Amino acid sequence: MFYTVKLSQYQSLMKRVLLKLNLLLTILIISSCSKDESDKFPNVSINLTIYPGTGSYYALGAVGGSMTLNGGVNGLIIYRRSTNEFMVYDRACTYDPTNPCEQIEIENEGGFTAKDECCGSIFLLSTGENWDGPAPYGLKRYPSYYDGTSLTIWN
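The sequence shown begins at 8 in the numbering used here and counts up one residue at a time.
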């Protein structure tokens, strides 16, 4: 009799564990099927090399320097985060990236934020994060490489 009670308790415990695992697996499958908002951002090809601190890129010569360029969906913002690190973002706001009105502007010369006047979203240039406003996520960032002289931007 004692053996039967222990066996039934074990079976009951195993059923509960399997039920919880099944529920967890179902939740994981459902959540992995939903698309991220960033998937809605248009994909455009970029392959650009510039020389920060020289000529028309003089504004990028010092840490905190920033400027806008053509490219991407609605233009590019380049921000010099440190001596050897640049952040490159698309100027299209993530609120509605295909709307030409939704264009990010650097708030002031040498500023640390950028704003979309159309929807009111404000972004931090150091990270691209949405600081305020209705944009669902931060700015689209493009990969870049700085070798000490040239900055290459691609995707």
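Just so you know, even glycine gets a beta-carbon here, dropped at the ideal spot from N, CA and C.
Note that this is a predicted model, so its numbers are computed, not measured.
Query                                                                                                : Result
Nearest-angstrom Cα separation, counted from aspartate 97 out to proline 143                         : 15 Å
Continuous beta strand (DSSP E) stretch holding glutamate 112: start and end                         : 111-113
Whole-angstrom distance between tyrosine 102 and lysine 42, CA atom to CA atom                       : Unreliable placement is indicated for lysine 42, whose pLDDT of 48 sits below 50; the coordinate value is still reported in the next sentence. Near 16 Å, if we compare the C-alpha coordinates of tyrosine 102 and lysine 42.
Reference threonine 90; option with closest CA among Glu112, Tyr153, Leu131                          : Tyr153
Alpha-carbon spacing of proline 141 relative to glutamate 112, whole angstroms                       : 16 Å
Beta-carbon separation (whole angstroms), leucine 132 vs methionine 94, contact threshold 8 Å        : 7 Å
For valine 95: DSSP bridge partner residues                                                          : Ile85, Tyr149
Euclidean distance between Cα positions of glutamate 109 and asparagine 115                          : 18 Å
For leucine 132, three-class secondary structure by DSSP                                             : coil
Inter-residue spacing [alpha-carbon to alpha-carbon] between phenylalanine 130 and serine 15         : 59 Å
Local Cβ density within 10 Å of proline 104, reported as buried at 16 or more and exposed below that : buried
Distance between threonine 156 and serine 63 (C-alpha atoms, nearest Å)                              : 15 Å
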